[in-house]
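Protein sequences, first through last, are from chains A and B. In terms of our numbering, the first sequence opens at residue 76 and continues consecutively. In terms of our numbering, the second sequence opens at residue 76 and continues consecutively. Where a beta carbon is used, it is the ideal one built from N, C-alpha and C, also for glycine.
Protein chains: 2
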Amino acid sequence: MTAEAKRTSRERLIEAAAALSYREGVNVGVEALCKAAGVSKRSMYQLFESKDELLAASLEGQAASYTAQLLPDMNDDRPPRERILHVFGQLESHSTLPEFRGCAYLAVQIELKDETHPASRVACRVKGDLTAFFRAEAEQGGASDPDLLARQLTLVFDGASARAGIGAEKLAGLIAPTVSTLLDAAGVR
Amino acid sequence: MTAEAKRTSRERLIEAAAALSYREGVNVGVEALCKAAGVSKRSMYQLFESKDELLAASLEGQAASYTAQLLPDMNDDRPPRERILHVFGQLESHSTLPEFRGCAYLAVQIELKDETHPASRVACRVKGDLTAFFRAEAEQGGASDPDLLARQLTLVFDGASARAGIGAEKLAGLIAPTVSTLLDAAGVR
């Protein structure tokens, strides 16, 4: 039995939805998703109530690897300033990959234009976790206003991933000085 | 003859494409566009080669009012720092409108995921003009690195409009301090 066949239909649908919606957008059709996953439409609708639910599940399914790729390890004991800069270093590094199209969680929310969509809710929560990480590090690092710094860092994160994702910007020489300036101003040395 | 009837089919199609793609996304159908404009599909295809061309024309058609809404007047003689902050004040003010969905030019590029699409090209050019404005003001204001400051301001502009557009953030108390910090660090007093 091949590794591909061992993965369940549910897993294959979730992976296909993640890959295709990232590459082509949330309007990718059910036919294309089922074809890419090698699953019948009938099976898909037995596993997921709707394409919206499949999309939400695919964002949920990527959340752990998204966080692991961006955040420092649990046992990373560098100071908060370096832990924050680590996230932006990871973003800069990912942004040079040819398949990079920016943050999937931001793109989905911009494309759906509906805060009540199940996929928007998942995306909003996952990005909220990123802001919470910044908030905790900012406080630990003695930021004068940890809430403000966390919001600023998330804003810069989304601006950078959006602009690099559309090919309008390269992050080298841009993201690190920008984040450093905000950290300096907040007193996180 | 009513004002509505006086506007040409071309004008009505361009306005419908601008409004519907902003509200619903670039995948809005040709039927919906023609219905909103009160123009037949046949007429639409006599005026525009494709929906892609109509979308590009709609972004082109909004460019002048987009720039006028954001940038200071030609005869505004405030110092560069204030002229730059004016743009972000306008963004903050627009972001509180219920119909605000972020920057149309950023959204289109994120949604299309294709830098060669005619609408992406228009969007890229219009946003390039915004960066050029920041660049000129930065230089005029004595920024230590005008290119870097212009890229940073565009990044913050896109991050702020994206996050406010998806309803994840309110810009009051966020955008002005962020931009001020970057201006301070660049020496634009």
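Here's the rule I'm using: 16 or more other beta-carbon atoms within 10 Å means buried, otherwise exposed. How should B/L257 be labelled? As a position in the second sequence, residue 257 of chain B is number 182, starting the count at 1. In summary, B/L257 is buried, with 16 or more beta-carbon neighbours lying within 10 Å of its beta-carbon over all protein chains present.
Buried or exposed for B/R264, going by 16 or more other Cβ atoms inside 10 Å? Indexing the second sequence from 1 puts residue 264 of chain B at position 189. Exposed, because fewer than 16 other Cβ atoms sit within 10 Å of the Cβ of B/R264.
In three-state DSSP terms, what is B/V105? Stepping through the second sequence from its first residue, residue 105 of chain B is reached at position 30. It is helical.
Below 8 Å between beta carbons: does that hold for A/H169 and A/F175? Start at 1 with the first residue of the first sequence, and residue 169 of chain A comes out as number 94. Start at 1 with the first residue of the first sequence, and residue 175 of chain A comes out as number 100. Going by C-beta atoms, A/H169 is nearer than 8 Å to A/F175.
Return the CA-CA distance between A/G262 and A/L224, expressed in angstroms with no decimal places. Residue numbering aside, residue 262 of chain A sits at position 187 when the first sequence is read from its first letter. Residue numbering aside, residue 224 of chain A sits at position 149 when the first sequence is read from its first letter. In a straight line, the C-alpha of A/G262 is about 10 Å away from that of A/L224.
A/R117 - containing alpha helix (DSSP H), residue span: Taking the first residue of the first sequence as 1, we reach residue 117 of chain A at position 42. Its alpha helix (DSSP H) spans residues 116-122.
What residues in the region 178-194 of chain B have a beta carbon less than 7 Å from any beta carbon of chain A? Cβ proximity to chain A below 7 Å picks out L181, A182, Q184, I185, E186, K188, E190 from the region 178-194 of chain B.
Sequence ranges, alpha helix (DSSP H) only - wholly within the region 211-242 of chain B, length at least 4: If we require 4 residues or more, the alpha helix (DSSP H) runs fully inside the region 211-242 of chain B come out as 221-240.
Could you check whether A/P154 and A/G216 sit closer than 8 Å to each other, using their CB atoms as the reference points? Counting from one through the first sequence, the residue named residue 216 of chain A turns up at place 141. Counting from one through the first sequence, the residue named residue 154 of chain A turns up at place 79. Taking 8 Å as the Cβ cut-off, A/G216 and A/P154 qualify as a contacting pair.
Less than 8 Å between C-beta atoms, sequence neighbours within five positions excluded: which residues of the same chain meet that for B/L102? For this step, residue 102 of chain B is matched to residue 27 along the second sequence. The question names Leu, but residue 102 of chain B is Asn in the sequence shown. Excluding positions up to five away in sequence, the list reads E186.
If we cut at 8 Å on Cβ distances, does A/L249 have a partner in chain B? To locate residue 249 of chain A, count along the first sequence from 1; it is residue 174. By the rule that beta-carbons nearer than 8 Å mark a contact, A/L249 touches chain B.
Give me the subset of the region 98-120 of chain A whose CB atoms are less than 8 Å from a CB atom of chain B, sorted by chain position. Answer set for the region 98-120 of chain A: R98, E99, G100, N102.
What do you reckon, are the CB atoms on B/G234 and A/V231 nearer than 8 Å? Against the second sequence, residue 234 of chain B aligns to sequence position 159. Against the first sequence, residue 231 of chain A aligns to sequence position 156. Taking a C-beta distance under 8 Å as the contact criterion, B/G234 and A/V231 qualify as a contact pair.
Determine the DSSP secondary structure at A/D259, reduced to helix, strand or coil. Here residue 259 of chain A refers to the residue found at position 184 when the first sequence is read from its first residue. Helix at A/D259.
A/A247 versus A/E167: straight-line alpha-carbon distance, rounded: Locating residue 247 of chain A in the first sequence gives position 172, where the first residue counts as 1. Locating residue 167 of chain A in the first sequence gives position 92, where the first residue counts as 1. Roughly 7 Å between the two C-alpha positions.
Could you please tell me which residues of the region 229-241 of chain B, in chain order, have their CB closer than 8 Å to any CB of chain A? Those residues of the region 229-241 of chain B that come within reach of chain A (Cβ to Cβ, closer than 8 Å) are T229, L230, V231, F232, D233, G234, A235, A237, R238, G240, I241.
Classify A/E212 as buried or exposed, calling it buried when 16 or more other Cβ atoms lie within 10 Å of its own Cβ. Along the first sequence, one-based indexing puts residue 212 of chain A at 137. So A/E212 ends up on the buried side.
Please list, in chain order, all residues of the same chain as B/R85 whose beta carbon is under 7 Å from its beta carbon, the five residues on each side excluded. As a working mapping, residue 85 of chain B is identified with position 10 in the second sequence. Around B/R85: L122.
Can you tell me where the alpha helix (DSSP H) with A/D63 in it begins and where it stops? Residue 63 of chain A lies beyond the residue range present for chain A, which begins at 76 and ends at 264; the question has no answer from this structure.
With a threshold of 16 other CB atoms inside 10 Å of the CB of A/K188, please say whether the residue is buried or exposed. Residue 188 of chain A sits at position 113 when you count from the first residue of the first sequence. Classification for A/K188: buried.
Would you verify that the beta carbon of A/R176 is, or is not, closer than 8 Å to some beta carbon of chain B? Reading the first sequence from its first residue, position 101 is the one you call residue 176 of chain A. Chain B contact via Cβ: present.
Closer than 8 Å is the cut-off here; do at least three beta carbon pairs connect the region 143-151 of chain A with the region 89-104 of chain A? No, the region 143-151 of chain A does not touch the region 89-104 of chain A.
Are the Cβ atoms of B/V201 and B/A138 separated by less than 8 Å? Counted from its first residue, the second sequence places residue 201 of chain B at position 126. Counted from its first residue, the second sequence places residue 138 of chain B at position 63. Here B/V201 is near B/A138, since their CB atoms are less than 8 Å apart.
Would you mind working out which of A/I241, A/T171, A/H161 sits nearest A/F208, comparing C-alpha positions? Counted from its first residue, the first sequence places residue 208 of chain A at position 133. Closest option to A/F208, Cα to Cα, is A/H161.
State the DSSP-derived secondary structure class of A/G113, mapped to helix, strand or coil. In the first sequence, counting from the first residue as 1, residue 113 of chain A sits at position 38. Per DSSP, reduced to three states, the secondary structure at A/G113 is coil, with no helix or strand assignment.
If the criterion is Cβ atoms closer than 8 Å, does the pair A/A198 and A/L134 meet it? On the first sequence, position 123 is the one that residue 198 of chain A refers to. On the first sequence, position 59 is the one that residue 134 of chain A refers to. Taking C-beta atoms as the reference points, A/A198 and A/L134 count as a pair closer than 8 Å.
Who are the neighbours of A/R226 on chain B, taking C-beta pairs under 7 Å? Taking the first sequence and counting its residues from 1, one reaches residue 226 of chain A at position 151. Think of a sphere of 7 Å around the beta carbon of A/R226: the chain B residues whose beta carbon falls inside it are E244, L249, in chain order.
Rounded distance between the beta-carbons of B/R210 and B/P221, thought under 8 Å: Counting from one through the second sequence, the residue named residue 221 of chain B turns up at place 146. Counting from one through the second sequence, the residue named residue 210 of chain B turns up at place 135. Taking 8 Å as the upper bound for CB-CB distance, B/P221 and B/R210 are in contact here, some 6 Å apart.
Residues that A/K202 contacts on chain B, provided the C-beta gap is smaller than 8 Å: If you number the first sequence from 1, residue 202 of chain A lands on position 127. One finds A243 in chain B with Cβ atoms closer than 8 Å to the Cβ of A/K202, taken in chain order.
Inter-residue spacing [alpha-carbon to alpha-carbon] between B/A94 and B/Q227: Here residue 94 of chain B refers to the residue found at position 19 of the second sequence. Here residue 227 of chain B refers to the residue found at position 152 of the second sequence. One C-alpha to the other measures close to 29 Å.
From B/G203, B/R87, B/L181, B/Y97, residue whose alpha carbon lies closest to that of B/K116: In the second sequence, counting from the first residue as 1, residue 116 of chain B sits at position 41. The shortest Cα separation from B/K116 among B/G203, B/R87, B/L181, B/Y97 belongs to B/R87.
Note the first and the last residue of the continuous alpha helix (DSSP H) segment covering A/S96. Against the first sequence, residue 96 of chain A aligns to sequence position 21. DSSP places A/S96 in the uninterrupted alpha helix (DSSP H) bounded by 84-99.
For A/F208, name the three-state secondary structure that DSSP assigns. Start at 1 with the first residue of the first sequence, and residue 208 of chain A comes out as number 133. In the three-state DSSP reduction, A/F208 falls in the helix class (H, G or I).
Determine the extent of the alpha helix (DSSP H) in which A/S168 is found, giving its start and end residues. Residue numbering aside, residue 168 of chain A sits at position 93 when the first sequence is read from its first letter. First-last of the alpha helix (DSSP H) with A/S168: 155-169.
Using only the alpha-carbon positions, how far apart do B/S236 and B/C178 sit? For this step, residue 236 of chain B is matched to residue 161 along the second sequence. For this step, residue 178 of chain B is matched to residue 103 along the second sequence. Looking at the two C-alpha atoms, the distance is approximately 6 Å.
Please classify B/K81 as buried or exposed, where buried requires at least 16 other C-beta atoms within 10 Å of its C-beta. Here residue 81 of chain B refers to the residue found at position 6 when the second sequence is read from its first residue. Counting every other CB atom within 10 Å of its CB across the protein chains shown gives B/K81 a total below 16, marking it as exposed.
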